[in-house]
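Asker: Top to bottom, those sequences are chains U and A. Sequence positions in the first sequence follow the numbering used here and run 69 to 324. Sequence positions in the second sequence follow the numbering used here and run 69 to 324. For every residue, glycine included, the Cβ atom is placed at its ideal position computed from N, Cα and C.
There are 2 protein chains.
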Amino acid sequence: MSSDRESGSSGEGEAAAQFGIVGILGGMGPLATVDFMRKVVAHTPSRTDQDHVPVVIASIPQIPDRTAAFKGTGPSPLEALVCSGRRLIEAGAELIVMPCNTAHLWYSDIQRALGTPMLHIVDAALADVWKAKGRHTRVGLLATEATVASGLYEQRAAVTAERHQLEWILPTDFEMQAWIAPAILGVKAGDTAEASNYLVQASNALVERGASLIVMGCTEIPLALQQREVGVPLVDATDALARRLVKWAMKARAPV
Amino acid sequence: MSSDRESGSSGEGEAAAQFGIVGILGGMGPLATVDFMRKVVAHTPSRTDQDHVPVVIASIPQIPDRTAAFKGTGPSPLEALVCSGRRLIEAGAELIVMPCNTAHLWYSDIQRALGTPMLHIVDAALADVWKAKGRHTRVGLLATEATVASGLYEQRAAVTAERHQLEWILPTDFEMQAWIAPAILGVKAGDTAEASNYLVQASNALVERGASLIVMGCTEIPLALQQREVGVPLVDATDALARRLVKWAMKARAPV
């Protein structure tokens, strides 16, 4: 860092300090992390490399399965999540984000353990729901079994914006087991074609039960479901978190 | 790390130790890093998240421009590259790779400063050239001005495989200024459509001068050039390095 080969003013340390370095706690799954990074890049106003937001990423996919842990059929991911978070802090991260909805069941525990500011993916997605709201008050949710069963979205919505009353249209057990869970596993295994078929069926079922907007509340889902395949507006939690990250980093950037 | 919430056997620290953690020194540019990560995921045999290779990534794009530094019109990127490398080591990386060809002009300096094993992107690309070789002995090179002018590819080929005699078809000054350099800047600025037009013209010019195979020796280029657009085989250095990374991580993985 104290190299004498060049002046300090051109070193990455100082340049990066003009931005805030964001840590991305990823790997859940790895392709969802790639999708998230792609969206961060796409949402950054830039002409050159140097305009882009500095990020460090831990994509260490050996984190135990979040849904299995919630159901009590697998070990807790908390230790692994905190370990990845510490790696990011060691690497210089000043803010942590997690492109995985279900991992947010451990959000408070992780934040307590790390002591670093974090953005919450559900807050980012809900901001897009409020923006699109109007007549879209019946919100369908496509998410993992754990995200749905835990009430992660409804509870966060009730806490952060109690004035907005939303009606949640949740997947039935059948829809979860037949379509949504297999679709998520399919994306993780690299098979997006069948996943896409399943997710369209699940979306149609939510719309038939009254959903006038659907939240893609699992970061695997936007890899296999497109707006043009669904008759109501889709809110993409991954995209919402990416935009919030860019906004944070731009604010943290001191005037040059 | 010594949490008592779960048994150590399920912690990410130990699980990850079954693999080797790879550090990706990226951000040059950010979209090329995303493309590289996507290729790493695609080349990993996997059914679940946990099968994937653990990686940590520094995408801190404030690294000074490599070509400007080589031409003496901008500061050296070395300090910034080493700083990003140190972040990755702090985060647990046991091997470093750089998805940027031009940055390999500083490869030896970086390796000396970090003392960590690294894979060389040109070695990975050349292995694909040898594999495709046969009648393909006249190799066209699409790369930055600095990669071309420094002789990075020819020198590495001469050192690492002196028995293989290759003839290199390099871009002319006109082709570099009119097509290749603007295409690379175009990708960095998010404009891949015009970049694609330029790169097809540059490829055609190399083929007309006798190239029977073309190496995409800049990690922006595969984002804007497809095999179907070119009449000779394309070697993608990004893809070659991704495959080499996966191979290294799989070998480093202890039998479970």
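Round the Cβ separation of Leu56(U) and Val90(U) to the nearest angstrom and send it over; I've been treating them as touching at under 8 Å.
Answerer: Here chain U has residues from 69 to 324 only, and residue 56(U) is not among them.
Asker: Can you tell me the Cα-Cα spacing of Gly153(A) and Leu182(A), whole angstroms?
Answerer: Their backbone Cα atoms lie some 7 Å apart in a straight line.
Asker: Might you give, ordered along the chain, the residues of its own chain that have their beta carbon closer than 6 Å to the beta carbon of Gly208(A), omitting 5 neighbours on each side?
Answerer: Result list for Gly208(A): Ile237, Leu274, Ala279, Ile282, in chain order.
Asker: Is the CB of Met318(U) under 7 Å away from at least one CB in chain A?
Answerer: Met318(U) does not count as touching chain A.
Asker: Looking at the C-beta of Gly278(U), does it have a partner C-beta in chain A at a distance below 7 Å?
Answerer: No, Gly278(U) does not count as interfacial toward chain A.
Asker: At the level of alpha carbons, what is the spacing between Thr212(U) and Pro239(U)?
Answerer: Going from the Cα of Thr212(U) to the Cα of Pro239(U) covers about 10 Å.
Asker: Run through the DSSP bridge pairs and tell me what Val90(U) is partnered with.
Answerer: Val90(U) pairs with Val123(U), Leu163(U).
Asker: Would you say Glu162(U) faces chain A, with C-beta separation under 7 Å as the test?
Answerer: So no, Glu162(U) is outside the interface.
Asker: Between Gln130(A) and chain U, is there a C-beta pair that is closer than 7 Å?
Answerer: True, the Cβ-Cβ gap to chain U drops below 7 Å.
Asker: Look up Ile282(A) in the DSSP assignment and say whether it is helix, strand or coil.
Answerer: DSSP places Ile282(A) in strand when its eight states are reduced to three.
Asker: Strictly below 9 Å CB to CB, what residues from chain A border Met96(U)?
Answerer: Ordered by position in chain A, the residues that pass the 9 Å Cβ test against Met96(U) are Asp117.
Asker: Output, in chain order, the set of chain A residues within a Cβ distance shorter than 8 Å of Pro250(U).
Answerer: Simply none; closest approach about 13 Å.
Asker: Please look up how many angstroms separate the CB atoms of Ala317(U) and Val121(U), rounded, as I've assumed it's under 8 Å.
Answerer: So it is a contact: roughly 4 Å between Cβ atoms.
Asker: Whole angstroms are fine: how far does the CA of Ser127(U) sit from the CA of Leu146(U)?
Answerer: Cα-Cα distance, rounded: 15 Å.
Asker: Determine the chain U residues that contact Arg106(A) at a beta-carbon separation under 7 Å, and present them in chain order.
Answerer: Within chain U, the residues near Arg106(A) are Val102.
Asker: Could you tell me which residues DSSP pairs with Gly208(A) in its beta bridges?
Answerer: Answer is Ile237(A), Ile282(A).
Asker: Report buried or exposed for Pro129(A), applying the criterion of at least 16 other Cβ atoms within 10 angstroms of its Cβ.
Answerer: The residue is buried, with at least 16 neighbouring Cβ atoms inside 10 Å.
Asker: Taking the straight line between their C-alpha atoms, what separation do you get for Thr336(A) and His188(A)?
Answerer: Residue 336(A) is absent from the model: chain A starts at 69 and stops at 324.
Asker: Leu313(A) and Val165(A): beta carbons closer than 7 Å?
Answerer: Result yes, Cβ atoms of Leu313(A) and Val165(A) sit closer than 7 Å.
Asker: Could you name the residues of chain A that Ser127(U) contacts, counting a contact when the two beta carbons are closer than 8 Å?
Answerer: Near Ser127(U) (Cβ distances below 8 Å), the residues of chain A are Met105, His120, Pro122, Val123, Val124, Ile125.
Asker: Just to confirm, is the Cβ distance from Ala137(U) to Ala308(U) under 7 Å?
Answerer: The answer is no: Cβ separation not under 7 Å.
Asker: Any Cβ of chain U within less than 7 Å of the Cβ of Ala214(A)?
Answerer: Closer than 7 Å: no.
Asker: Which residues in the same chain have their Cβ closer than 6 Å to the Cβ of Glu297(A), if we skip the five residues on either side of it in sequence?
Answerer: So the list reads Val268, once near-sequence residues are dropped.
Asker: Buried or exposed for Ala159(U), please, with buried defined as at least 16 other CB atoms from any protein chain shown within 10 angstroms of its CB.
Answerer: So Ala159(U) ends up on the buried side.
Asker: Going along the chain, which residues of its own chain have a beta-carbon closer than 7 Å to the beta-carbon of Gly142(U), five neighbours each way excluded?
Answerer: The answer, listed in chain order, is Pro132, Asp133, Ala136.
Asker: Does DSSP put Met186(U) in a helix, in a strand, or in coil?
Answerer: Of the three classes helix, strand and coil, the one that applies to Met186(U) here is strand, per DSSP.
Asker: Comparing C-alpha positions only, which one of Asp259(A), Gln294(A), Gly219(A), Ala214(A) sits nearest to Gly140(A)?
Answerer: It is Ala214(A).
Asker: Along chain A, in chain order, which residues have C-beta atoms closer than 7 Å to that of Lys256(U)?
Answerer: Those are Thr116, Asp117, listed as they occur along chain A.
Asker: Compare the C-beta of Leu243(A) against all C-beta atoms of chain U and say whether one is closer than 7 Å.
Answerer: Sequence check: residue 243(A) is Glu here, not Leu. Judged by the 7 Å Cβ criterion, Glu243(A) is not in contact with chain U.
Asker: Would you tell me roughly how many angstroms separate the C-alpha atoms of Ala310(A) and Ala110(A), rounded to the nearest one?
Answerer: Using only the alpha carbons, I get a separation of about 9 Å.
Asker: When burial is assigned at 16 or more other CB atoms within 10 Å of the CB, is Pro54(U) buried or exposed?
Answerer: Nothing about residue 54(U) can be read from this structure; chain U reaches only from 69 to 324.
Asker: If Asn169(A) and Gly285(A) are in contact, beta carbons under 8 Å, what's the gap, nearest whole angstrom?
Answerer: With a Cβ gap of about 5 Å, Asn169(A) and Gly285(A) count as contacting.
Asker: Which of the three DSSP states, helix, strand or coil, is assigned to Val300(A)?
Answerer: Note: Val300(A) maps to coil in three-state DSSP.
Asker: Of all the CB atoms in chain U, is at least one closer than 7 Å to the CB of Ala310(A)?
Answerer: No - not a single Cβ of chain U is within 7 Å of the one on Ala310(A).
Asker: DSSP three-state call for Met96(A): helix, strand or coil?
Answerer: The answer is coil: DSSP assigns Met96(A) none of H, G, I, E or B.
Asker: Give me the chain U residues within the contact set of Ala136(A), using Cβ-Cβ distance strictly less than 7 Å, ordered along the chain.
Answerer: Neighbours of Ala136(A) on chain U: none; closest Cβ ~11 Å, over 7 Å.
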